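These protein sequences, in sequence, are chains A and B.
Each number in our numbering comes from the position in the first sequence (counting from 1) with 1138 added on.
Each number in our numbering comes from the position in the second sequence (counting from 1) with 1138 added on.
Have a look at the structure below before the remarks.
2 protein chains.
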Amino acid sequence: MTAPLSRIITVFERSPDRGNGLARDMRVRWALEEVGQPYEVRLVSFGAMKEPTHRALHPFGQIPTYEEGGLVLFESGAIVFHIAEHHKGLLPDDPNARARAITWMFAAVNTIEPPIIDLQTIRFQERDQSWYEARLPMVHDRIRDRLGELSIRLGNADWLDGAFSAGDLMMVTVLLRLRASGLLDEYPNLAAYVARGEARPAYQRAFAAQLALFTAQSSGN
Amino acid sequence: MTAPLSRIITVFERSPDRGNGLARDMRVRWALEEVGQPYEVRLVSFGAMKEPTHRALHPFGQIPTYEEGGLVLFESGAIVFHIAEHHKGLLPDDPNARARAITWMFAAVNTIEPPIIDLQTIRFQERDQSWYEARLPMVHDRIRDRLGELSIRLGNADWLDGAFSAGDLMMVTVLLRLRASGLLDEYPNLAAYVARGEARPAYQRAFAAQLALFTAQSSGN
Chain A
1139 MTAPLSRIIT VFERSPDRGN GLARDMRVRW ALEEVGQPYE VRLVSFGAMK EPTHRALHPF
1199 GQIPTYEEGG LVLFESGAIV FHIAEHHKGL LPDDPNARAR AITWMFAAVN TIEPPIIDLQ
1259 TIRFQERDQS WYEARLPMVH DRIRDRLGEL SIRLGNADWL DGAFSAGDLM MVTVLLRLRA
1319 SGLLDEYPNL AAYVARGEAR PAYQRAFAAQ LALFTAQSSG N
Chain B
1139 MTAPLSRIIT VFERSPDRGN GLARDMRVRW ALEEVGQPYE VRLVSFGAMK EPTHRALHPF
1199 GQIPTYEEGG LVLFESGAIV FHIAEHHKGL LPDDPNARAR AITWMFAAVN TIEPPIIDLQ
1259 TIRFQERDQS WYEARLPMVH DRIRDRLGEL SIRLGNADWL DGAFSAGDLM MVTVLLRLRA
1319 SGLLDEYPNL AAYVARGEAR PAYQRAFAAQ LALFTAQSSG N
């Protein structure tokens, strides 16, 4: 018997994307795998996420949360940053390069992700509305504007600023949410960038862990 | 004659909100005022923002950017964090409290701001569309969902987690973008929270600086 690990993240009890790795716990799992730190997961149902017990950890009733000793964090970006700050492998040592990597973390969640969230939101909530088909191209174009700019900045580089960093980890997971739309394939260097992220052994371990959870549930029922 | 300051931020040449302080340079100005650090501004026109010279600093063709010696940053959240990390006054010393303050920075830009950005986007780009009036209440309700949750978490506290931090600075500036919509006033504790932020001397100095730029231009033309 080993003592319980002191690091717990919450994940969806039932994977909404059937183990495709698009939930935000994937960012945290990947970060922990990159730095070689173990973790435990606690499953949370859609109902329980909105209850006071979980909201005490996450005021917006979402996953993931992160518990480590007396510390409770939410927001995948903040959790990834916390991991990156305390373990080697996700942020460069050089202070300027480190600041630039953090800039890419914020760019991922504040510049690239919002139009992508909008696309997901309207798919779930507005598909039956009369305006859905007419409006969809406008939403796609807003995403294309950002992808075009990101594609130019990335150019032929492997990663956004030198070596792989937490900025790339966040950006790849944000871009992955676009794969089903086909928009990512319009920018071959971005599609290759995302594929490079997915090819990392740490990504693959994290992906397998969340998929195993879904597979076990599916075969067990 | 004094030597040029080594810290330069870019701001809109023409304030789109007529000096109301809603542009994202306000976040950086406020942070620098909180920690008592001087800065210079460089004005950028809407046209020049999309040109290669500015895009070399900011791949998405926006303001603010931040230059300090050989370091170039963009993304207001990343710039505020950089300032907070290097100067006392915006992040607590206690490691856990510091991590929680950073969590609120990410919550501001990744959970609260996206539906607010959506509202701004459709006001500018979809006001003439047939669906605008019918869709607007749905967008408002998405914002209300987040405000309701934030309001519950804040409760009667002055700030989101103990003392004022960079997390509050980011959250207040994000919420300020809602004032014209009237939505903020539906949550009196959030409206009071924002007012507390605005009442800080550092906020007032930052606000005056950006307003003076607009006023000087208006009276000069």
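In this text, a Cβ means the ideal position worked out from N, Cα and C, and glycines have one as well.
Source: prediction; values computed, not measured.
- Annotated as distal: B/Trp-1242 and B/Asp-1296, with beta-carbon spacing of 8 Å or more.
- Beyond the five residues adjoining it in sequence on each side, B/Arg-1282 comes within less than 8 Å, by CB distance, of Leu-1321, Glu-1324 in the same chain, given in chain order.
- In the DSSP assignment, B/Arg-1145 falls outside any alpha helix (DSSP H) and within the unbroken beta strand (DSSP E) covering 1145-1150.
- In the DSSP assignment, A/Val-1210 falls within the unbroken beta strand (DSSP E) covering 1209-1212.
- With at least 16 other beta carbons inside 10 angstroms of its own, A/Met-1308 counts as buried.
- With fewer than 16 other Cβ atoms from the protein chains shown falling within 10 Å of its own Cβ, B/Ile-1290 counts as exposed.
- Residue contact check for B/Gly-1159 against chain A: no CB pair falls below 8 Å.
- One thing to note: B/Val-1179 has its Cβ no nearer than 8 Å to the Cβ of B/Val-1218.
- The stretch 1262-1278 of chain A makes no contact with the stretch 1227-1237 of chain A: fewer than 3 CB pairs, one atom from each, lie closer than 8 Å.
- Take the alpha-carbon of B/Asp-1232 and the one of B/Arg-1315: they are about 31 Å apart.
- Taking C-beta separations shorter than 7 Å and ignoring five residues to either side along the sequence, the partners of A/Leu-1292 in its chain run Leu-1298, Asn-1327, Leu-1328, Tyr-1331, following chain order.
- Restricting attention to B/Leu-1288, B/Glu-1223, B/Gln-1267, B/Leu-1257, the CA atom closest to the CA of B/Pro-1275 is found in B/Leu-1257.
- Using a Cβ distance threshold of 8 Å, B/Arg-1238 and A/Leu-1211 count as a contacting pair.
- A/Tyr-1204 is the residue among A/Glu-1287, A/Asn-1234, A/Tyr-1204, A/Arg-1280 whose C-alpha sits nearest the C-alpha of A/Arg-1162.
- Residue contact check for A/His-1192 against chain B: no CB pair falls below 8 Å.
- Going by C-alpha positions, B/Arg-1152 is about 24 Å away from B/Ser-1144.
- C-alpha of B/Ala-1354 to C-alpha of B/Ala-1347: approximately 11 Å in a straight line.
- Between B/Glu-1213 and chain A, the shortest Cβ-Cβ separation is below 8 Å.
- At a cut-off of 8 Å between C-beta atoms, B/Trp-1168 does not count as an interface residue with respect to chain A.
- As computed with DSSP, B/Thr-1203 is found in a beta bridge with B/Phe-1212.
- In this structure B/Gly-1185 is not in contact with B/Arg-1193, their Cβ atoms being roughly 12 Å apart against a cut-off of 8 Å.
- Burial is judged here by how many other beta carbons sit within 10 angstroms of a residue's own beta carbon; B/Thr-1191 has fewer than 16 and is exposed.
- What A/Trp-1269 touches in chain B, judged by beta-carbon distance under 8 Å, is Gln-1267, Ser-1268, Trp-1269, Ala-1272, Arg-1273, going in chain order.
- Contact between B/Ala-1235 and B/Gly-1300 is confirmed by a C-beta separation of about 6 Å, below the 8 Å threshold.
- Restricting attention to B/Leu-1313, B/Arg-1165, B/Arg-1156, the CA atom closest to the CA of B/Ile-1254 is found in B/Leu-1313.
- Exclusion of the five residues before and after B/Gly-1215 leaves Met-1243, Val-1247, Met-1308 as the residues of its chain whose Cβ lies within less than 7 Å of its Cβ.
- Out of A/Arg-1343, A/Ile-1250, A/Ser-1268, A/Ser-1183, the CA that lies nearest to the CA of B/Pro-1197 is found in A/Ile-1250.
- Boundaries of the alpha helix (DSSP H) harbouring A/Arg-1238: 1233-1245, taken from the DSSP string.
- Around the beta-carbon of B/Ser-1183, fewer than 16 other beta-carbon atoms lie within 10 Å, marking it exposed.
- Taking 8 Å as the upper bound on Cβ-Cβ separation, chain A lies near residues Glu-1287, Leu-1288, Ile-1290, Arg-1291 of the stretch 1286-1311 of chain B.
- Taking 8 Å as the upper bound on Cβ-Cβ separation, chain A lies near residues Val-1247, Asn-1248, Thr-1249, Glu-1251, Pro-1252, Ile-1255, Asp-1256 of the stretch 1246-1257 of chain B.
- In the three-state DSSP reduction, A/Leu-1160 falls in the coil class, being neither helix nor strand.
- For the set B/Leu-1160, B/Ile-1146, B/Arg-1156, B/Glu-1171, the Cα lying nearest the Cα of B/Gln-1342 is the one of B/Glu-1171.
- Contact annotation, A/Ile-1146 with A/Val-1166: C-beta distance approximately 11 Å; criterion of less than 8 Å not satisfied.
- Chain order gives the chain A residues near B/His-1220 as Ala-1237, Ile-1240, Thr-1241, where near means a beta carbon separation below 9 Å.
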